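Chains as they are written, first to last, in the numbering used here: chain A, 156 to 514; chain B, 9 to 75; chain C, 139 to 387.
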Amino acid sequence: MSKVLMKGNEAVAEAAIRAGCRLYFAYPITPQSELIEYMAKMMPKVGGTFIQAESEVAAINMVYGAAGAGKRVMTSSSSPGISLKMEGISYCAGAQLPAVIVNVQRGGPGLGDIQPAQADYFQATKGGGHGDYRLIVLAPSTVQEFADMAADALDLAYKYRNPVMILSDGMLGQMMEPVEFRPAKTEEEVQELAKQHENWCICPNEDGVNRHHHEINSLEIDPLVLEKHVNNLFVKYAEIEQHEVRCEEYNINGDNEILCVAFGTASRIVKSAINDLKTEGKSVGLIRPITLWPYPYECVARALHKNVRQVYVFELNKGQMLDDVKIAVAGRCDVKFWGKVGGIIFTPGEIKEKLLECF
Amino acid sequence: MPRMTVDPTYCKGCGLCIAACPKKIIRFSDNINAKGYHYAECFNQDSCIACKMCYVTCPDVAITIEK
Amino acid sequence: METIASRPLSLTKTPFHYCPGCLHGVAHRLIAEAVDENGLRNVMTGIAPVGCSVFAYKFFDFDMAEAAHGRAPAVATGIKRARPEMHVFTYQGDGDLAAIGTAEIIHAANRGEHISVFFVNNAIYGMTGGQMAPTTLPEMKTTTSPYGRKVDDMGHPIRMCELMATLVAPYYIERVSLLSPADIIKAKKAVAKAIKYNKEERGFTFVEIISTCPTNWGIDPIKARDWAKDNMLPFFKPNCFRDRGEGVE
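Have a look at this one:
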């Protein structure tokens, strides 16, 4: 496989198609319109379905339907549009449907602006939609990772019958970096993928002993049944928490005096600052959560080596992942936060300055 | 011999079949079903002409028509 | 002796939970009969709405989906595009289709999705206890129009068939009623046609079914039919608005 220079929004679309996604429903919104445009061009080429839906609400419900039919399906939007999808996401979680939702975050709240932000962390990991459910949330930090996550998200969604979100941002969506794609699934493999789900999805039936009555549904009007159902969901979530946590350790060692925690685009800038400080003999480590749910609490806790006297969280928001870091640190160390909002990205220099204040 | 049969499990005593029957041979039973409804019953099967109007109008698909 | 009318195969044995005299059960039966008659039971799927028929997935004996309020046409689109071998219908009430779901129904119709939509119109919100619907008549008293629907403030009732008829794509649009056995027989013809066109992949089919709500109108089932005949039919006129199979535009 050769490397190509590609824009994040397009790379994730290409990767999704290669991973067997054959249905895509979405609504245009900056900064992810290149994703929907790429899908409009490429889906018909693989005999897939592309619909520009009438709204983000309609799109997520089309996803609910296609996922209910056991097929690999994806939607994408950006912050305000993701808000619109929250009802549908809750329904997908309740009905245990494998859906992939890409959020190319922008500044908020409300209409906000079109520049990159990380202000949807709470929305993604602490609900967003109503009810007790969890969304698997993957946070890429490079275009390569963004693309790889398309396949990973689809696999996870189908493995656990749960919606999965790729929490990207306008920077990653718009920037161009070299990407190496995994080999595309063949049409036979794509057909096979759907067959795996015919024990629960909407599909052709037969009379006799094998007759099925599959229901794609999140309504359980009997409280005892709903209680059981929600508890079952959480058995599933416990399994995901046990097996699917991912994080990156960057320059983590026993010399660390400061431990940074940052995800996505923010983490790249923190890495630059860390490298710079290294040349000045200052040891700073970074934990970069890759799954925001399940959150790598243990990763963060394990990185608190004996010389760490400050944990610093850097985000492009007013402090959302901060709470999870505090949970992980559990009072063992002081936790500071610094962030930029409004769609503005901090610079390595600004991060370095903040870190130097701790020395 | 045409006959209409009401399954008491389904009947909710709404009365639509009674109104629909052109031969006026359906009435509410004195008995009640498990839900407490006086279900419909045919009291004169000999006059049934299997027109199916009762079946057509029954909202609970409680009626079977034989001919 | 042979049985000439009995419970269709496409209905489960579960008793309907509808109020006595509510005509939802008739509509369900017509759809089930049409599915059986067209041999579609093993490739049929329906989308239940939010409304009195929210449990429709318990009543039809084939795979079913429950949709969020108003979203059934979008869910149907997703299912049909994902599995074209399945035949899909939605079953929706006034609130589901003509209030929260107006965007979804118009756009699914506009795209000409190969689905059938059965729209049960009884001019009120049944499940939630009798609130005003988009199809509630002027001056009609409901729990959220306690002084009567004041059109200057609350708008006029919406005629969905007429609205849909302005779109190019829909293949079949008809309004029928269930207000007498004769009307039900006519309604069956429309439902059967929609399902037949669905089987033949002709395009988007839409049947509006004028029905009653004895409980929330506060009158008995038989008086409710009369009330609907006198008050609803003059505004919601039964008519075939489009039938491309028969050359009606």
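Glycine residues also receive a C-beta, built at the ideal position from the N, C-alpha and C atoms. Computed from a prediction, not measured in an experiment: that's the story for all the values here.
Buried or exposed (CB count within 10 angstroms, at least 16 for buried), residue i
{"i": "PRO264 (chain A)", "result": "exposed"}
{"i": "ILE311 (chain C)", "result": "buried"}
{"i": "PHE51 (chain B)", "result": "exposed"}
{"i": "ASP287 (chain A)", "result": "exposed"}
{"i": "PRO222 (chain C)", "result": "exposed"}
{"i": "LEU266 (chain A)", "result": "exposed"}
{"i": "PRO352 (chain C)", "result": "buried"}
{"i": "SER55 (chain B)", "result": "exposed"}
{"i": "ASP321 (chain C)", "result": "buried"}
{"i": "TYR285 (chain C)", "result": "exposed"}
{"i": "VAL306 (chain C)", "result": "exposed"}
{"i": "LEU379 (chain A)", "result": "exposed"}
{"i": "PRO199 (chain A)", "result": "exposed"}
{"i": "PHE389 (chain A)", "result": "exposed"}
{"i": "VAL228 (chain A)", "result": "buried"}
{"i": "GLU300 (chain A)", "result": "buried"}
{"i": "HIS369 (chain A)", "result": "buried"}
{"i": "SER349 (chain C)", "result": "buried"}
{"i": "ILE172 (chain A)", "result": "buried"}
{"i": "LEU161 (chain C)", "result": "buried"}
{"i": "GLU165 (chain A)", "result": "buried"}
Residue i, enclosing beta strand (DSSP E) - first and last residue
{"i": "PHE197 (chain C)", "result": "Not the beta strand (DSSP E): PHE197 (chain C) falls in the alpha helix (DSSP H), residues 194 to 197."}
{"i": "TRP493 (chain A)", "result": "490 to 494"}
{"i": "GLY267 (chain C)", "result": "Premise fails: GLY267 (chain C) is in no beta strand (DSSP E) and is neither H nor E."}
{"i": "TYR125 (chain A)", "result": "Within the shown structure, residues of chain A are numbered from 156 to 514, placing residue 125 (chain A) beyond reach of any answer."}
{"i": "PRO333 (chain A)", "result": "331 to 335"}
{"i": "MET241 (chain A)", "result": "Taken as a continuous stretch (DSSP letters only), MET241 (chain A) belongs to no beta strand (DSSP E), being part of the alpha helix (DSSP H) at 234 to 249."}
{"i": "GLY184 (chain C)", "result": "182 to 186"}
{"i": "CYS378 (chain C)", "result": "377 to 381"}
{"i": "GLU386 (chain C)", "result": "The sequence given here has Val at residue 386 (chain C), not Glu. Taken as a continuous stretch (DSSP letters only), VAL386 (chain C) belongs to no beta strand (DSSP E), as it is neither H nor E."}
{"i": "SER254 (chain C)", "result": "253 to 259"}
Own chain partners of residue i with C-beta closer than 7 angstroms, once the 5 adjacent residues on each side are dropped
{"i": "PHE277 (chain A)", "result": "GLN475"}
{"i": "GLU211 (chain A)", "result": "TYR182, SER232, GLY236, LEU239, LYS240"}
{"i": "LYS473 (chain A)", "result": "GLY494, VAL496"}
{"i": "ILE506 (chain A)", "result": "ILE424, VAL425, ALA428, PHE469"}
{"i": "ALA483 (chain A)", "result": "TYR452, VAL455, ALA456"}
{"i": "ASN510 (chain A)", "result": "The question names Asn, yet the displayed sequence has Leu at residue 510 (chain A). Contacts found: ILE413, ALA428, LEU432, VAL439, TYR467."}
Endpoints, the alpha helix (DSSP H) within which residue i is located
{"i": "MET320 (chain A)", "result": "Segment 319 to 324 is the beta strand (DSSP E) holding MET320 (chain A); no alpha helix (DSSP H) there."}
{"i": "ALA170 (chain C)", "result": "162 to 175"}
{"i": "GLY163 (chain A)", "result": "163 to 173"}
{"i": "GLY504 (chain A)", "result": "503 to 511"}
{"i": "TYR392 (chain A)", "result": "378 to 398"}
{"i": "GLN346 (chain A)", "result": "342 to 350"}
{"i": "CYS62 (chain B)", "result": "61 to 65"}
Beta-carbon contacts of residue i that lie in its chain and below 6 angstroms, excluding the five residues immediately before and after
{"i": "ILE321 (chain A)", "result": "VAL257, LEU293, MET304, ALA308"}
{"i": "ALA168 (chain A)", "result": "LEU190, TYR193, MET194"}
{"i": "ALA170 (chain C)", "result": "PRO146, SER148, LEU149"}
{"i": "ASN377 (chain C)", "result": "ARG313"}
{"i": "VAL289 (chain C)", "result": "PRO276"}
{"i": "ALA328 (chain C)", "result": "GLU312, VAL314, VAL345"}
{"i": "GLU339 (chain C)", "result": "HIS252"}
{"i": "ILE73 (chain B)", "result": "MET12, ALA58, LYS60, TYR63"}
{"i": "ASN406 (chain A)", "result": "ILE429, GLY440"}
Contacting residues, own chain, Cβ-Cβ under 8 angstroms from residue i (five flanking each side not counted)
{"i": "PHE200 (chain C)", "result": "SER148, VAL173, ARG179, ASN180, MET182, THR183, GLY184"}
{"i": "LEU275 (chain C)", "result": "ALA261, ARG287, PRO295, ASN369, MET370, PHE373"}
{"i": "GLY223 (chain A)", "result": "ALA250, LEU252, CYS356, ILE357, ILE371"}
| task | Pull out every residue of the segment 187 to 198 of chain A whose Cβ sits closer than 9 angstroms to any Cβ of chain C, in chain order. | result | none
| task | Output, in sequence order along the chain, the residues in the segment 333 to 347 of chain A whose CB is closer than 8 angstroms to any CB in chain C. | result | none
| task | For the segment 12 to 24 of chain B, enumerate the residues whose C-beta is nearer than 7 angstroms to any C-beta of chain C, in chain order. | result | THR17, TYR18, LYS20, GLY21, CYS22, GLY23, LEU24
| task | Could you name the residues of the segment 350 to 381 of chain A whose beta carbon sits closer than 9 angstroms to any beta carbon of chain C, in the order they occur along the chain? | result | CYS356, ILE357, CYS358, PRO359, ASN360, GLU361, ASP362, ARG366, HIS367, HIS368, HIS369, GLU370, ILE371, ASN372, SER373, LEU374, ILE376
| task | Let me know the beta strand (DSSP E) ranges lying completely inside the segment 419 to 481 of chain A, each 3 residues or longer, listed in chain order. | result | 439 to 444, 446 to 448, 465 to 470
| message | What are the residues in the segment 196 to 217 of chain A lying within 9 angstroms of chain C by C-beta distance? | response | THR204, ILE206, ALA208, GLU209, SER210, VAL212, ALA213, ALA214, ILE215, ASN216, MET217
| Residues in the segment 167 to 181 of chain C having any Cβ partner in chain A nearer than 7 angstroms | ASN180, VAL181
| Contact list for the segment 29 to 61 of chain B against chain C, Cβ threshold 8 angstroms | TYR45, ALA58, LYS60, MET61
| field | chain C contacts from the segment 232 to 246 of chain A (Cβ-Cβ distance under 9 angstroms) | value | GLU242, GLY243, SER245, TYR246
| request: Entirely within the segment 267 to 329 of chain C and at least 4 residues each: give me those alpha helix (DSSP H) ranges in chain order. | output: 289 to 292, 298 to 302
| request: Quick one: which residues of the segment 402 to 414 of chain A get their C-beta closer than 8 angstroms to a C-beta of chain C? List them in chain order. | output: none
| the segment 139 to 156 of chain C: which residues have C-beta closer than 8 angstroms to a C-beta of chain B, in chain order? | MET139, GLU140, THR141, ILE142, ALA143, SER144, ARG145, PRO146, LEU149, PRO153, PHE154, TYR156
| request: Select from the segment 294 to 323 of chain C all residues with a C-beta closer than 7 angstroms to any C-beta belonging to chain A, and list them in chain order. | output: none
| said: To be precise: take each residue of the segment 331 to 365 of chain C, compare its Cβ to all Cβ atoms of chain B, and keep it if any distance is under 9 angstroms. Which residues remain? | reply: PRO352, ASP358, PRO359, ILE360, ARG363
| task | Check each residue of the segment 210 to 239 of chain C: if its Cβ is closer than 7 angstroms to any Cβ of chain A, include it; give the result in chain order. | result | ALA212, VAL213, ALA214, THR215, GLY216, ILE217, ARG219, ALA220, ARG221, GLU223, MET224
| task | Output, in sequence order along the chain, the residues in the segment 308 to 324 of chain A whose CB is closer than 8 angstroms to any CB in chain C. | result | none
| field | Chain-ordered residues of the segment 484 to 500 of chain A with a beta carbon less than 8 angstroms from chain C | value | none
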